Amino acid sequence: MSSTRANRQVERAIRSAIDRLIEKSAIDTVTVDSGEDHIGEQALFVTVRLKSAKSRPSGHASVSLLKAMQDALREIHDERFAYLAFSAPDDQMAEPDRRMSA
Amino acid sequence: MSPLVEQLLETAAALAALDQRRPRSASLRRAVSTAYYALFHSLAELCADTLVGWKQSWDVFTPIYRSLEHARTLTVLTARADPLGEQIERIGVAFRQLQEAREWADYNPEPHPDPRQTLDNIRFTREAAQELIDIARDAIEAVDALDPVLKLKLAARLIARPRKEVRR
Chain P
252 MSSTRANRQV ERAIRSAIDR LIEKSAIDTV TVDSGEDHIG EQALFVTVRL
302 KSAKSRPSGH ASVSLLKAMQ DALREIHDER FAYLAFSAPD DQMAEPDRRM
352 SA
Chain W
3 MSPLVEQLLE TAAALAALDQ RRPRSASLRR AVSTAYYALF HSLAELCADT
53 LVGWKQSWDV FTPIYRSLEH ARTLTVLTAR ADPLGEQIER IGVAFRQLQE
103 AREWADYNPE PHPDPRQTLD NIRFTREAAQ ELIDIARDAI EAVDALDPVL
153 KLKLAARLIA RPRKEVRR
C-alpha cells in the first residue's frame, strides 16, 4: 500500500476539525496522508502527534473527531474517509518484527 | 451491553495490557481484532433481539444473528443516501475505523496499519490499541442507547437485502 501527502485544502479542513475538538497547545504536529484503505477506496490517514500522553482524548472524543473530520471533508466536497491515529512521547511500541530484528 | 460484548471488551483490554516491558505484536493485534468483534457482536445482537427477541428459540434467533455481514454493515452504517441520523453516523465512523484496523490486525504483516508509519519504521503501540478499544466501547454504548424505533430501522437495513442484491 502506498501513500502520499494530502493537498493543502484537505489539510486545512482536517486541521479545522481537530482544532475545534483538541486544545491547540496539546498538539505537536498533524500529518495527513492519502492512500488506499482496506476496502480499496481512496482514504486519508491522519496522525496527530501530541506533546504529552496526558492530552490523549477519550474514546467518545475520538469518535467526535472522526465525525467532525468527515463533516469538514464533506464541506469541501471530498468524499474520502479520514482515519485517525494519535501518538505521544513514551508510547510503547510493539517489539520489532522479524524484518526489523534481522 | 450484553455479557458477551462486555467480556469481549474486557478481553481486548487485558490483551492490550499484556507484556509490561514491551508489548508483543500478536497481543496488540488480538486486542484490536477483539475490540472490533465486540462492536460487531453488539450489532448482531441488536438485529436478532429487535427482529426476533432473546426469548425466542435459538433456531429462529441464531440465523438472524448470523446474517450480519461485515461489508454490508459498513455500507449501511456509512450510507450517505437516506442516512439514519447523527447517532448512526457516529457508530458508522467508529465501525469503519475499527474495521480498517482489524483488517490490518488479522491479515497484514506490516508493523503498523498506517502505511506511512510503516514506511517511517514506526510500529503499532499499546496506546493505539487502547484507543481503538475505547472507540469500540463508545460505539457499543451508542448502539445500546439508540431508541427502539431507530434500532428497528437499523436492524431492518442491516439484515434485509435490497432487491437488486437479492436477484444477483
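These protein sequences, in sequence, are chains P and W.
In case it helps, the working numbering puts the first sequence at residues 252 to 353.
In case it helps, the working numbering puts the second sequence at residues 3 to 170.
Built from N, CA and C at the ideal position, the CB exists for glycine as well.
Given the structure is predicted, the values throughout are model-derived calculations rather than measurements.
Spatial distance of residue i from residue j (CA atoms)
| i | j | result |
| --- | --- | --- |
| Q99 (chain W) | V62 (chain W) | 32 Å |
| L6 (chain W) | Q260 (chain P) | 44 Å |
| A141 (chain W) | E330 (chain P) | 22 Å |
| S306 (chain P) | T127 (chain W) | 16 Å |
| M252 (chain P) | L79 (chain W) | For M252 (chain P), the predicted model reports a pLDDT of 47, less than 50, meaning its position is unreliable; a value from the coordinates is still stated below. Near 25 Å, if we compare the C-alpha coordinates of L79 (chain W) and M252 (chain P). |
| L324 (chain P) | E8 (chain W) | 34 Å |
| L154 (chain W) | L53 (chain W) | 7 Å |
| G94 (chain W) | V151 (chain W) | 18 Å |
| A18 (chain W) | R26 (chain W) | 9 Å |
| G87 (chain W) | L156 (chain W) | 11 Å |
| R300 (chain P) | V314 (chain P) | 17 Å |
| R266 (chain P) | M3 (chain W) | 34 Å |
| R125 (chain W) | A345 (chain P) | 6 Å |
Where residue i sits in the DSSP three-state scheme
| i | result |
| --- | --- |
| E8 (chain W) | helix |
| S315 (chain P) | helix |
| F63 (chain W) | helix |
| A147 (chain W) | helix |
| E133 (chain W) | helix |
| I265 (chain P) | helix |
| L20 (chain W) | coil |
| M252 (chain P) | At M252 (chain P) the pLDDT is 47, less than 50, meaning the model places this residue with poor confidence; the figure from the coordinates comes in the next sentence. Here M252 (chain P) sits in coil by DSSP. |
Element boundaries [beta strand (DSSP E), containing residue i]
| i | result |
| --- | --- |
| Q293 (chain P) | Q293 to L301 |
| G286 (chain P) | I278 to E287 |
| F126 (chain W) | It is not in any beta strand (DSSP E) - F126 (chain W) carries neither H nor E in the DSSP assignment. |
Beta-carbon proximity list for residue i, same chain, < 6 Å, skipping 5 on both sides
| i | result |
| --- | --- |
| L20 (chain W) | S29 |
| A14 (chain W) | A33, T36, A37 and I135 |
Own chain partners of residue i with C-beta closer than 7 Å, once the 5 adjacent residues on each side are dropped
| i | result |
| --- | --- |
| L45 (chain W) | L70, T75, V145 and L160 |
| F296 (chain P) | S254, D284, G286 and Y334 |
| A312 (chain P) | L272 |
| I66 (chain W) | C49, A50, L53, V54 and I161 |
Extent of the continuous alpha helix (DSSP H) to which residue i belongs
| i | result |
| --- | --- |
| L156 (chain W) | P150 to I161 |
| A304 (chain P) | Looking at the DSSP string, A304 (chain P) is not in any alpha helix (DSSP H), and its letter there is neither H nor E. |
| A339 (chain P) | Looking at the DSSP string, A339 (chain P) is not in any alpha helix (DSSP H), and its letter there is neither H nor E. |
| H114 (chain W) | Run containing H114 (chain W): none; DSSP gives neither H nor E here. |
| T75 (chain W) | H72 to L79 |
Other residues of its chain near residue i: CB distance less than 8 Å, five sequence neighbours each side excluded
| i | result |
| --- | --- |
| S303 (chain P) | A277, A339 and P340 |
| D342 (chain P) | A304 |
| L316 (chain P) | A268, I269, L272, I273, P308 and L335 |
query: Using Cβ-Cβ distances below 7 Å, what residues of the segment 87–98 of chain W are close to chain A?
result: The displayed structure is made up of protein chains P and W, and chain A is not among them.
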